[in-house]
Amino acid sequence: MKTIAEGYTKVILEAENPGQIIMRFKDTASAYHAIKRATIAGKGAYANRISARLFGLLADAGVENHFIKLLSDNEQLCQKTDVLPLRVIVRNIAAGSIVRRFGIEEGTAFKTPVYEMNYKSAQLDDPFMNSHMAVAMGFVSYDEMEHISRLAHRVNEVLIKVFADCGINLIDFKLEFGRTADGRLIVADEISPDTCRLWDKMSGQRLDKDRFRRDMGDIIEAYREVWKRVCGESDENK
Ligand code: 5GP
């Protein structure tokens, strides 16, 4: 299988069908634009399975996305798309960079979700961008920007409920979008503890990549806990 692209945490491989790709999740953890890196045995499999389950639930809720099926512990088959060079961040509760940038106390609940967008560029430190810039730079049209906003809003609604049902507060998360061969924008990439902040409802325990970013330890235990609660009985292969 030919490699199409390789990042810090995933490899994108060609699939038999040219309209599809295989995403292989690695056991690497990376933060702060890969200044901090580590290998964490088993992380790739948990991220793969959690992401597969969440994308499946999003599809059930009518949110079109690139996921097709799980192939193995570390691999999933996805629709091939042209991924936009931007990230949408959705925040329900203040944590991470918004705390530093705006001086908001960590744990403050927002009255309505905060939607942010940034331009994917490690060299430029992922600068903030707004919808006018995304249109001006030729990435999307205003209609597509509206579609992205609606998708982000709906994903948040669905995921808040999925996580709440398993005793987890969805603090924030990152979304990526891909353009299909026939021009539609759909949700792409990954949704897992690598791309979300997830706090246990009862204890407030961090169940996400912050355990790695902040040297809190027990990273794989946290990912396993999310996998157990989100995938549970439905994950027959593990
Ligand atoms: P923050 O802006 O607070 O660093 O991140 C907000 C949310 O988006 C967090 O859940 C974080 O994990 C996710 N996020 C933001 N940028 C990235 C990124 O480049 N890679 C990954 N995996 N997640 C990101």
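Position 209 (the sequence shown) corresponds to 304 in the working numbering; numbering is contiguous. From the three backbone atoms N, C-alpha and C, an ideal C-beta is built for every residue, glycine too.
Within the same chain, Tyr141, Arg144, Ile145 come within 7 angstroms of tryptophan 322 by CB-CB distance, once the 5 residues on both sides are set aside. Residue side-chain check: aspartate 289 places its Cβ nearer than 6 angstroms to a non-hydrogen atom of ligand 1. Minimum Cα-Cα distance from tyrosine 103 among the listed residues Ala189, Met118, Pro113, Tyr237 corresponds to Met118.
Exclusion of the five residues before and after alanine 129 leaves Tyr103 as the residues of its chain whose Cβ lies within less than 6 angstroms of its Cβ. For the set Asn187, Arg148, Arg186, Cys173, the Cα lying nearest the Cα of asparagine 112 is the one of Cys173.
When rounded, the separation of the alpha-carbon atoms in phenylalanine 120 and histidine 161 is 16 angstroms.
Judged by DSSP in its simplified three-state form, alanine 136 adopts coil rather than helix or strand.
In this chain, the beta strand (DSSP E) harbouring tyrosine 214 covers 204-214. Taking 6 angstroms as the cut-off, the C-beta of serine 192 counts as close to a heavy atom of ligand 1. Contact check for isoleucine 255 and leucine 246: beta-carbon distance about 15 angstroms, past the 8 angstroms limit, so the pair fails to qualify.
Looking at the DSSP output, valine 185 bridges to Tyr210, Phe268. Here serine 146 carries a helix assignment [DSSP, helix/strand/coil].
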